[in-house]
Amino acid sequence: MSKHRDQRQKMLADTLDGDWTSGPAATMAVRAAALARRRRATRQCIGVLSSVTALVVVAFFTRHFHAAEKNIPAVTESAKTPARSYTIISDQELIDSLAPLLILPDERGGRKIVLVDL
Amino acid sequence: MHATPAAAIPLDAAALSPRKELGAASSSLTELTSGLARGDDAAWAAFHRDYGPGLFRYLLGGTRGNYDLAAEALQQTYLRVARYARPCGSAPQFESWLRRLAGSALNDGRRRRNTFWQRLSQQLRSDDESPEPERIDRTDDEKVFTALDAALAKLDSADRDLLEEKYFSGTDVRSLAAKLSLSSKAVESRLTRARAELRRHLSSLLSNHE
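As they're listed, the protein sequences go chains W and S.
Read in order, the letters of the first sequence correspond to residues 632 to 749 in the numbering used here.
Read in order, the letters of the second sequence correspond to residues 1201 to 1410 in the numbering used here.
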């Protein structure tokens, strides 16, 4: 039964374009095989290209960050300590730098400035 | 080139032969489907030889004997197989997948052929009359064999005998030529004419089935 079915199926297929396996109908399979090969090659090519691109991107960013790290200036000791807004001096220096002036109350209830000669 | 056991399994799941060893069939089918995915010419030739006739019958049933549409859908089915084929070890799964691909390729083919005017005329019809998207069922598929038998019966007896000798008795062209005292070329051309006549009857019978 199955054999008879296959034979009829073959006869039916041959009515399309002559011999099914070697006639024009066989070019359908050839075309499909070529398409499958092209797609496979494209897929492989895309795979390789994306791997290469990923590698290049990783390498680029690694280099970039490495270079950025190198460019950060070293923090020096002087930069660390902020500049003072005062100077420490000795008592003598202080007396020298002060003007020898005295502010004294006068007879009229006001104030008078007296220059002291040291 | 001989068919591998799995590749020889017809597309029709009802005709699957239980005598085939499942393991061997499965591994051969895996090889075949892997070859299809790779674009291996030998695998494609085996696929065309073993699955092509079943697919064509299926599509011819679905198109009610429209050879052009069936051939176009078959080419599209092959191209889809080339695009999406993956290694598969299960024959029923593979066959069901092929049927789905063939059905969708046929629907797309119909849509492409549906011209603006046809669409307009469909719009003008009432909703009840508008055709449903056609589905191929097993009865359509079986109708093709019934129509083939009827078409064979309609043939001239000499042509029918020649076709039956070639396909049912498996006699090759050279033996037929010797038997009929004709050259091989003459037998080939008689076969071509007989097949063309068979195709004509078959198309007309299938289109009248609607």
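Built from N, CA and C at the ideal position, the CB exists for glycine as well.
If I follow the unbroken beta strand (DSSP E) through P1287(S), where does it start and stop?
Counting from one through the second sequence, the residue named residue 1287(S) turns up at place 87. Run containing P1287(S): none; DSSP gives neither H nor E here.
Got a sec: is the Cβ-Cβ distance from L1324(S) to anything in chain W below 7 Å?
For the purposes of this step, residue 1324(S) is taken as the residue at position 124 of the second sequence. The beta carbon of L1324(S) sits no closer than 7 Å to any beta carbon of chain W.
Assuming A1161(S) and G1309(S) are in contact, meaning their beta carbons sit under 8 Å apart, how far apart are those beta carbons, in whole angstroms?
Chain S is shown only over 1201 to 1410; residue 1161(S) falls outside these bounds and no answer can be derived.
Just how far apart, CA to CA, sit A698(W) and L729(W)?
Taking the first sequence and counting its residues from 1, the one referred to as residue 698(W) is at position 67. Taking the first sequence and counting its residues from 1, the one referred to as residue 729(W) is at position 98. Straight-line Cα distance between these residues: approximately 56 Å.
Out of V1344(S), T1230(S), W1244(S), which one is the CA nearest neighbour of Y1258(S)?
Counting from 1 along the second sequence, the entry for residue 1258(S) is found at position 58. Answer by Cα proximity: V1344(S).
On the three-state DSSP scale, how would you describe I677(W)?
For the purposes of this step, residue 677(W) is identified with residue 46 of the first sequence, where counting begins at 1. Residue state for I677(W) is assigned as helix, using DSSP reduced to three classes.
Do A667(W) and G1239(S) come within 7 Å of each other at the CB atom, strictly closer than that value?
As a working note, residue 1239(S) is residue 39 in the second sequence. As a working note, residue 667(W) is residue 36 in the first sequence. For G1239(S) and A667(W), yes; Cβs fall inside 7 Å.
To the nearest angstrom, report how far apart L686(W) and Y1251(S) are at their CA atoms.
If you number the first sequence from 1, residue 686(W) lands on position 55. If you number the second sequence from 1, residue 1251(S) lands on position 51. Rounded to whole angstroms, the separation of the alpha carbons of Y1251(S) and L686(W) is 44 Å.
By the criterion of Cβ-Cβ separation under 8 Å, what are the contact partners of G649(W) in chain S?
Indexing the first sequence from 1 puts residue 649(W) at position 18. Here the neighbours are T1392, R1395.
Within a Cβ cutoff of 6 Å, which residues of the same chain sit near W651(W), ignoring the five residues on either side of it in sequence?
The residue labelled residue 651(W) in the question sits at position 20 within the first sequence. Cβ neighbours of W651(W) beyond the five flanking positions: A644, D645.
Looking at the unbroken alpha helix (DSSP H) that takes in L746(W), where does it start and where does it end?
In the first sequence, residue 746(W) corresponds to position 115, counting from 1. Where L746(W) is concerned, there is no enclosing alpha helix (DSSP H), although the beta strand (DSSP E) it sits in stretches over 742-746.
From the DSSP output, which residues share a beta bridge with P736(W)?
Taking the first sequence and counting its residues from 1, one reaches residue 736(W) at position 105. P736(W) pairs with R742(W).
Apart from the five residues just before and just after P1331(S), which ones in its own chain have a Cβ nearer than 8 Å to its Cβ?
The residue you call residue 1331(S) lines up with position 131 of the second sequence. Caution is warranted here: a pLDDT of 49 is assigned to P1331(S), below 50, making its placement in the model unreliable, and the coordinate value is therefore given only provisionally. Excluding positions up to five away in sequence, the list reads Q1322.
Answer with buried or exposed for F691(W), where buried requires no fewer than 16 other C-beta atoms within 10 angstroms of its C-beta.
By 1-based counting over the first sequence, the position of residue 691(W) is 60. Counting every other CB atom within 10 Å of its CB across the protein chains shown gives F691(W) a total below 16, marking it as exposed.
Just how far apart, CA to CA, sit G758(W) and K634(W)?
There is simply no residue 758(W) to check, as chain W begins at 632 and stops at 749 in what is shown.
Is there contact here, the stretch 1299-1315 of chain S with the stretch 1353-1363 of chain S, by at least three beta-carbon pairs under 8 Å?
By the Cβ rule, the stretch 1299-1315 of chain S does not count as touching the stretch 1353-1363 of chain S, because fewer than three pairs are nearer than 8 Å.
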